[in-house]
Amino acid sequence: MRVSVRRLALYPLFAAQRRGALLSPFLHHISPRSRTLFSETGVWEKDYRTETRRKVEEWWHPRIMAQWRKDALEESPHKKKFYVLSMFPYPSGRLHMGHVRVYTISDTIGHFQKMRGHQVLNPMGWDAFGLPAENAAIERGLDPEDWTKSNIQSMREQLDTLGLCFNWDREVTTCLPDYYRWTQYLFIKLFEAGLAYQKEAVVNWDPVDQTVLADEQVDENGHSWRSGALVEQKLLTQWFIKTTNYAKPLLDALQDLPEWYGVKAMQANWIGECTGCYFDFKLKVNGKETGETLSAYSSSPETVYGAAYLAILPSHRLLHGSSSVRSALQEAFQPGRDSLTDVTAHNLFTGREVPLVISHKETFDDYLDIVVGVPDCNEEDLSVARALNLSWTSVLKTHEDGTQTLISSEEFSGLTREQAFNSITQKAKEQNVGGYLTSSKLRDWLISRQRYWGTPIPVVHCGSCGPVAVPEEELPVTLPKLPSITGKGASPLEAAHDWVNCKCPRCKGPARRETDTMDTFVDSAWYYFRYTDPHNAYRPFERHLADHWLPVDVYIGGKEHAVMHLYYARFLCHFCKDQGLVAHREPFRKLLVQGLIKGQTFKLAGSGQYLKREEINFTDKEPVALSGGRVEVTWEKMSKSKHNGLDPQDVVQQYGVDTVRLYILYAAPPEQDILWNAKTDALAGVLRWQSRLWQLVTKLRAARQLGDVPNPRLLKKKELAEAKKIWENKNYAIQEVTTHFTEDFLFNAAISRLMGLTNTLSSATVRLLQHSVEFEEALAALVMMTAPMAPHLASELWAGLCQVKQPLSPILQHGGDVLQQSWPTVDPEYLEVPDFVELSVLINNKSCGMVTVPVQVSKDTSRVQQLVLESPVGQKFLSERNIKRAILSPRTALINFLVDE
């Protein structure tokens, strides 16, 4: 008999809602003599074997997903929201184990929060524009849209086979016009606010991918992060977003966020110390205005009235581009010395005019290429001004106590430097001539890309009006269909003549469309907003919906996005707040970064050639290549080229969905790398644990078949004490696991705690199984707490548990599947028990004293050990001894330290 597989009905690929469910391709043929499943037949299988696992996952997979979809579509205004978001993937066509890890984490958190009574949003979409699709299309002679849509369909099916419960009715795809229309809308908002602008700039050029790269996309060795090509420097007219205007607010807001696994420090370092700002200047040649505006950085904005000159580097675009002052600068330039030019700069804030100087230096601080020279506060500036015989106004007066106040600075005279700093920068911002605090190391966001497969920049260039934004009612500016894309030379959009040539929206005269497309980081800078209102055809999102769901409660993704994506997303959220589009300034409350899943690699020593496992002889102590030569064994990020990758579906077919999920959660804390090795204790441990969970339900069901009517009053004193211990362990496990799921996300520690509870229950006597409500409720709590991590297994265990004969606890009579149950809570009486317990301390099995520890930590070996070591007993007997092991008794208040004699 072949298992029937209902294939998922994808709307022409991007349907807003799913119809039906796709069953896993790892499901195998079931023979007529195969084992039965309790949920199908009412017959409980004694052991949890491979075939049982397959039938369990086959049965529960579509039911779990269908229930999630049903619940997601129900309006629940009385429920508190929880927004769990995993970084959406680029649709490459194949999932890798890194995908499995991040989505397993988000799925686990989603199920947990749903059991806690929250209305959960766990959406999924596709970061679908970009170079990989375009390059793949060029190589294969395909349309990148067709290639991308095909990959999305394939990856959606793969995600389904993993049993991941996403809110597919909220799916977004960045390459669809109904999404990038609103990316263009937000760009126009930036343009209208003066934050999107075009200028000539020396840029990073990737000669292989034939496009510009942002600084962040170039590695420390000067190579493209995507193609690996050595990056060249080119002077091009490009579009920028003025993120520097938000540098200080973005830096300050980090303080109000919880710790982000080191990412906050990385963001702060990227932004730098925001102690200076830019001021705008109008350029003149021989007293005549050129119409060009230049922004120059001042490290001491309060002294701006004392400026003597502007200094630019010899590499500055004014000397090499199409500027109207280029010839005047080149004529004055004298290599190796500071060169005074005939170009002057009118300060739009002070109204004063200063000369432009070409510096003899090759670099200024960090990324600066133009600075304001103020002799009063910088010895080097003073030296330059004197050497060039420049005049300037002194603006600082030093008092006897060492404080400095401003002079000759108009209404700011008399203020201290700190007061003037705040007042001058604030007024410059109000006059829109600069003043935004930023650092010398931060540059504006370069978003132009000379490629086809990206969001078109919604601007037309008119000979009369200059750059003009496309009116909102004419959005989206859709990509034209091109017969072929070569990826060489100018932007491929230049070839679409009918599309490029258009009318100016303002004067209706002839104009040309902008042919650069946007960096894909623009698409992903706001997708978390769109998930809250994905089908809105009138605006990017309704404010009340975004305000309801945001900020994202937990955002999960790789640490490689710590600087770029997270910085841009935070910037755009700050901007949207200032535009009145949303109430929240920060988009993400908690960030959970997950490490890599690494595979074992084998390289030929010397050449570095990667080998397949079958090309190696493992019979000796050290591996040797069959072709000869020593082999280096390392662990690296999984990759086909390194022959160390794993196909997630192969792994699921071998071990099952729940085992893979548990292994991923148990092998390491989320932020650490996992070294994938099927022979490790972690995999064996979770396989054993699943069988032990199954055995607990099997034993309870068998005990209730013995004929005695369950009656807790039949338990004797020793059995009552054992029941109390089970009750205490249950409450302690609930307390600890809930904390791990809500605070530190140490799922490995949560599983360890559940394994501990499993051990306690496994040692219970048959009479306890027959007559103890404590055992029954502890087992119920154990299964419920396992459910978010291993939903298929837990669902079947719950079904078997709820049908146990003559249940004592009302918990087993609530009805519904396990994922519809309320998350277990600590019994109030547990919180009322004595706060402390006296613990016997043994050293090498000999008693040496007593230590009082809080009851709440009395079952935690590491915490008890720490408290003992800090106690007088520990200080006296253990402070100078080498502790080999500490053994905390699970039954009595006792800890035994094994130490070197």
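For the sequence shown, position 423 matches number 671 in this note's numbering, and the numbering has no gaps at all. All residues carry an ideal CB built from backbone N, CA and C; glycine is no exception. Just so it is clear, the structure is predicted and the values come from calculations on it, not from any experiment.
Provide the residue span of the beta strand (DSSP E) that contains residue i, from first to last.
i: Met1098; result: 1094-1102
i: Tyr445; result: 444-454
i: Gln848; result: 845-852
i: Ser334; result: 329-334
i: Gln481; result: 480-489
i: His709; result: 707-710
i: Ala773; result: Here Ala773 belongs to no beta strand (DSSP E), and DSSP marks it neither H nor E.
Would you mind stating whether residue i and residue j have Cβ atoms separated by less than 8 angstroms?
i: Ala593; j: Leu542; result: yes
i: Gly682; j: Asp528; result: yes
i: Leu1136; j: Val1112; result: yes
i: Ser939; j: Tyr296; result: yes
i: His822; j: Pro497; result: yes
i: Val466; j: Val479; result: yes
i: Ile606; j: Leu630; result: no
i: Ile922; j: Ala915; result: yes
i: Leu1087; j: Ile1143; result: yes
i: Leu558; j: Ala580; result: no
i: Ser889; j: Trp308; result: no
i: Val533; j: Val620; result: no
DSSP three-state label for residue i, please.
i: Ala576; result: helix
i: Ser939; result: helix
i: Asn595; result: strand
i: Phe274; result: Low local confidence applies: a pLDDT of 37 at Phe274 is under 50, so the model's placement there is unreliable, and no value is given.
i: Phe789; result: coil
i: Leu1087; result: strand
i: Lys532; result: strand
i: Gln265; result: Its pLDDT being 35, under 50, Gln265 is placed unreliably by the model, and the measurement read from it follows with that caveat. Three-state DSSP puts Gln265 in coil, outside helix and strand.
i: Met1037; result: coil
i: Asn1130; result: coil
i: His809; result: helix
i: Cys1162; result: Nothing about residue 1162 can be reported from this structure: the residues present for the chain run from 249 to 1149 only.
i: Lys1067; result: At residue 1067 the sequence reads Leu, which differs from the Lys that was named. Residue state, collapsed to three classes: helix.
i: Phe527; result: strand
i: Asn1144; result: strand
i: His471; result: strand
Rounded to whole angstroms, what's the CA-CA distance from residue i to residue j? Just pull it up for me.
i: Pro799; j: Ser687; result: 27 angstroms
i: Ser252; j: Glu306; result: Below a pLDDT of 50, predicted positions are generally treated as unreliable, and Ser252, at 33, falls in that range; the measurement from the model is reported next regardless. About 10 angstroms.
i: Val879; j: Asp617; result: 49 angstroms
i: His1062; j: Asp898; result: 38 angstroms
i: Val830; j: His792; result: 8 angstroms
i: Pro380; j: Trp701; result: 9 angstroms
i: Ser739; j: Thr768; result: 16 angstroms
i: Leu566; j: Pro603; result: 14 angstroms
i: His809; j: Gly843; result: 12 angstroms
i: Leu1126; j: Ser1106; result: 19 angstroms
i: Val1014; j: Glu967; result: 10 angstroms
i: Met1032; j: Leu410; result: 20 angstroms
i: Phe262; j: Asn959; result: For Phe262, the pLDDT reaches just 34, beneath the cut-off of 50, and the residue's location in the model is therefore unreliable, although a value from the coordinates is still provided. Between Phe262 and Asn959, the C-alpha separation is close to 57 angstroms.
i: Ser887; j: Gly856; result: 15 angstroms
i: Leu913; j: Gly1064; result: 26 angstroms
i: Phe488; j: Lys645; result: 40 angstroms
i: Gln401; j: Asp426; result: 18 angstroms
i: Ala744; j: Tyr815; result: 34 angstroms
i: Arg266; j: Trp416; result: Note that Arg266 has pLDDT 36, beneath the 50 cutoff, so the model's placement of it is unreliable and no number is given.
i: Asn493; j: Pro1036; result: 43 angstroms
i: Ala441; j: Asn680; result: 10 angstroms
i: Leu910; j: Val934; result: 6 angstroms
i: Pro724; j: Arg585; result: 52 angstroms
Would you give the residue range spanned by the alpha helix (DSSP H) that residue i belongs to?
i: Glu405; result: 392-409
i: Ala981; result: 965-987
i: Phe1023; result: 1021-1034
i: Gly714; result: Where Gly714 is concerned, there is no enclosing alpha helix (DSSP H), although the beta strand (DSSP E) it sits in stretches over 714-717.
i: Ile312; result: 298-321
Using a Cβ distance threshold of 8 angstroms, determine whether the stretch 827-835 contacts the stretch 508-524, with at least three qualifying pairs required.
no
Touch test, the stretch 422-441 against the stretch 451-463, Cβ-Cβ under 8 angstroms, three pairs minimum:
no
Stretch-stretch touch, CB-based, cutoff 8 angstroms, three pairs: the stretch 773-790 with the stretch 705-719:
no
For the stretch 859-874 and the stretch 364-378, state whether three or more C-beta atom pairs, one from each stretch, are separated by less than 8 angstroms.
no
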